[in-house]
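In what follows, a structure is listed as structure tokens, so that the remarks can point back to it.
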């Protein structure tokens, strides 16, 4: 008997019909002898509807109160799924994050999970019940309702799987797996059967949008076997999706690159003429972090004449706010020459554990882009990924030529 | 400094504009030096929308899950009101029923309040905050979310006022007070400045719909000063509404009757040929109570030939279910001759503490109805009320002639 955690997103829970579909799928897994814990998101559009309602009442809703409100989206879907399962004769019981209890810190709208009490769930599972838990939400030490930020339901799913030592955490979504790149841009993109956590982490963080990055980190850290599947495949015609594993693929003909990821939700900021002395990076990024702005790429080149330039990227929605912090709090404080910014950029990355043992990936990538006349603005590398920032207008072109240059349109032997 | 509990219904919270209006009113009370606790209902229509959604997924939603779901309506409005107050510079904090904690029994969809922990509220009030609490909901000993049934927000308001020993509990609604009868039927109906709890209880239970009956019982039991007010009156033009008091009005010229109440939501059931022996009433009403059907009027006349007829009324929506219980579980069990029912009836009542010291009210009532050719089907009396059941088609006529016969259209001296 396996213990499976399944997570269904907002599209899968979008209508009464789809909820009944999810219930039938859960029932099949249960009848195959598994214990099943289900994590659900709010119905698609509901969180946005609630946020719009909040903004209709208050231009800058207080985060604590926003969390009280938007957590209701999942509170509705857990109950609906429990009802649908009971109609199919499956004993089921719903829990909010506070009821489970998913303990988080008190960073409203972006809380982090501290611990999960698995006692209630374990008792219900032993009692032959399906347990349904509201994704995206928790409760802090003082009993305040918190939410985990966008995509937080994936994180809830993985965290529950870790707490329960589940055999597999299945993330059901509207795509049937992880692709070498976005098929809307490159029709030849292929579905990957397996991908490593590290690769998935790079793919997710670079905007592949299949899985929320925090959930992949969590899964890697706690060795949770994670699988991305489609909730729209018909009974009997389900595919295996993409398995995200700890083990690297050890076949002879490893592909060098697993996929081309991209992200157009970024903006770049540069602090020019920064005094080249120790501690300057934390003086720049400290106030940014305090304002709860997540920083992605960070680049600082060697200085000359005692000064250097410092660049980083943030989510495009944080662009104006970050620019203001730089101008008002950082520039005068550290004595920088000027602040520059650009929110018409995108990031394109080649990801793959294979590049560890294959030198020349970077040069092939840069050559391919150069041949198309695409100017590279920033470069950042890790062991398994190379990212470049280019003008937003080149996004599709860059993804297409890189996908082809690394042979991703060819089925591996 | 007074401690005021204010309750705003779904119409008062129906749109962002109205919520901001409520926030301004709360702010005025706060600025006048009062401590304010606010109880809110869901936005009008929201609870029905959620119930419809549940029924779209499941024909007979499980009560526990229904409560998880419909309690979200108030969870949204507490947050919205807190945001609106914060925008006005008023420090405010929202709580769900579970957070406060409003402890109830486990009768899902119809739970009863057992106790309220006023600690958190008291600390916030001392901290100069406005406290906002979700009406209609609570939590049971096991941590399950419960709801109190229709109109339960009034009960929450009164229960909080009792727990906090508040100076007054103000129920804001879309009418400006309690009237001698429904002005839509009798245009000469007058607003009452004061009414006793007992009278209000009779008025509310008979369908005046201004206040939920349980909240009036609660208020009477715990001596909470209750006031019904309009939330739609403009600033500076507010009236005093109707005060519901423990003390009887002791003016010289007491009116005999305070108002004419009516209810068309009832249905009558009769068990014919019941053996006239001890215990028969509980044998009939036991299974009805177990099915959670509330019984209103109960009439049993003296028997003859060892048998009697037993009649009672229930809410019209419970008519079919009650008929079925009588036919299947009660008739064969007690050996009754037949079951009869009628759901085209209404109840009309004259209410007033004054009738205690004025004989002849009943005969005047019956005479007035007889003069209009209205046949009385059932009669039930208490110390301060006389109710009759008549054919539904006579409702308006009966209310009008009784309102005039008791001089309710004349302003008291």
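Chains as they are written, first to last, in our numbering: chain A, 553 to 965; chain B, 553 to 965.
The beta carbon of each residue, even a glycine, is placed where N, CA and C say it ideally should be.
Note that the coordinates shown come from a computational prediction; the quantities given were computed from them, not determined experimentally.
{"Check": "In the DSSP assignment, find the unbroken beta strand (DSSP E) run with residue 705 of chain B in it and report its ends.", "Outcome": "Note, residue 705 of chain B: premise wrong, no beta strand (DSSP E); alpha helix (DSSP H) at 704–715."}
{"Check": "Give me the DSSP bridge partner(s) of residue 930 of chain A.", "Outcome": "A:941"}
{"Check": "Below 8 Å, can you find three or more Cβ-Cβ pairs linking the segment 953–960 of chain A to the segment 735–748 of chain A?", "Outcome": "yes"}
{"Check": "Candidates A:867, A:635, A:906: which alpha carbon is nearest residue 893 of chain A's?", "Outcome": "A:867"}
{"Check": "Tell me whether residue 962 of chain A is buried or exposed, calling it buried when 16 or more other Cβ atoms sit within 10 Å of its Cβ.", "Outcome": "exposed"}
{"Check": "Of the residues that make up the segment 562–584 of chain A, which ones have a beta carbon closer than 8 Å to any beta carbon in chain B?", "Outcome": "568, 571, 572"}
{"Check": "Starting from residue 637 of chain B, trace the alpha helix (DSSP H) in both directions and tell me its first and last residue.", "Outcome": "624–639"}
{"Check": "Using 10 angstroms around the beta-carbon of residue 692 of chain A, count the other beta-carbons present and answer buried if the total reaches 16, otherwise exposed.", "Outcome": "buried"}
{"Check": "Kindly provide the ranges of any beta strand (DSSP E) runs that are 3 or more residues long and lie completely inside the segment 749–791 of chain B, ordered along the chain.", "Outcome": "778–782"}
{"Check": "As an exercise, report each continuous beta strand (DSSP E) stretch of at least 3 residues that is fully enclosed by the segment 893–923 of chain B, in chain order.", "Outcome": "897–903"}
{"Check": "Check whether the Cβ of residue 627 of chain A lies closer than 8 Å to any Cβ atom in chain B.", "Outcome": "yes"}
{"Check": "Excluding the five sequence neighbours on either side, which residues of its own chain have a C-beta within less than 7 Å of the C-beta of residue 603 of chain B, listed in chain order?", "Outcome": "622"}
{"Check": "Here's the rule: buried if 16 or more other CB atoms are within 10 angstroms of the residue's CB, otherwise exposed. What is residue 736 of chain B?", "Outcome": "exposed"}
{"Check": "What does the alpha-carbon distance come out to for the pair residue 804 of chain B and residue 752 of chain B?", "Outcome": "No answer about residue 804 of chain B holds up, because its pLDDT of 47 lies below 50 and its placement is not dependable."}
{"Check": "Step through the CB atoms of chain B and report whether any lies within less than 8 Å of the CB of residue 945 of chain A.", "Outcome": "no"}
{"Check": "Name the two residues that bound the continuous beta strand (DSSP E) containing residue 868 of chain A.", "Outcome": "Where residue 868 of chain A is concerned, there is no enclosing beta strand (DSSP E), given that its DSSP letter is neither H nor E."}
{"Check": "Can we say the segment 719–731 of chain B touches the segment 674–690 of chain B, given the rule of at least three CB pairs closer than 8 Å?", "Outcome": "no"}
{"Check": "My guess is that residue 826 of chain A and residue 848 of chain A are in contact by the Cβ rule of under 8 Å, so how many angstroms apart are they, rounded?", "Outcome": "About 19 Å separates the two Cβ atoms, so there is no contact after all."}
{"Check": "Just to confirm before moving on: does the CB-CB distance between residue 947 of chain A and residue 924 of chain A stay below 8 Å?", "Outcome": "no"}
{"Check": "Could you give the residue range of the alpha helix (DSSP H) that holds residue 580 of chain A?", "Outcome": "568–583"}
{"Check": "Is the beta carbon of residue 606 of chain B sitting closer than 8 Å to the one on residue 629 of chain B?", "Outcome": "no"}
{"Check": "Quick one: what does DSSP say residue 598 of chain B is sitting in, helix, strand or coil?", "Outcome": "helix"}
{"Check": "Measure how close the beta-carbons of residue 770 of chain B and residue 711 of chain B come, nearest whole angstrom, since I'm counting them as under 8 Å.", "Outcome": "6 Å"}
{"Check": "Taking C-alpha atoms, which residue in A:809, A:942, A:792, A:931 lies nearest to residue 817 of chain A?", "Outcome": "A:942"}
{"Check": "Strictly below 7 Å CB to CB, what residues from chain A border residue 906 of chain B?", "Outcome": "The contacting residues do not exist; residue 906 of chain B stays about 47 Å from chain A at best."}
{"Check": "Using a Cβ-Cβ distance under 8 Å, would residue 630 of chain B count as near chain A?", "Outcome": "yes"}
{"Check": "Name the DSSP bridge partner or partners of residue 559 of chain B?", "Outcome": "B:591, B:723"}
{"Check": "Looking at C-alpha atoms only, which residue of A:767, A:640, A:573, A:959 is the closest neighbour of residue 777 of chain A?", "Outcome": "A:767"}
{"Check": "Between B:933, B:798, B:787, B:791, which lies nearest to residue 775 of chain B when the distance is taken from Cα to Cα?", "Outcome": "B:798"}
{"Check": "Under 8 Å, do residue 684 of chain A and residue 653 of chain A count as touching if we go by C-beta distance?", "Outcome": "no"}
{"Check": "With a Cβ-Cβ cutoff of 8 Å, do residue 698 of chain A and residue 660 of chain A count as a contact?", "Outcome": "yes"}
{"Check": "What does residue 624 of chain A reach in chain B if we use C-beta pairs closer than 7 Å?", "Outcome": "624, 627, 628"}
{"Check": "Cα-Cα, which of A:624, A:567, A:577, A:555 is closest to residue 783 of chain A?", "Outcome": "A:577"}
{"Check": "Roughly how many angstroms lie between the CA atoms of residue 877 of chain B and residue 664 of chain B, to the nearest whole one?", "Outcome": "25 Å"}
{"Check": "Who are residue 690 of chain B's beta bridge partners in DSSP?", "Outcome": "B:698"}
{"Check": "Just to confirm the assignment, what range does the beta strand (DSSP E) spanning residue 818 of chain B have?", "Outcome": "818–827"}
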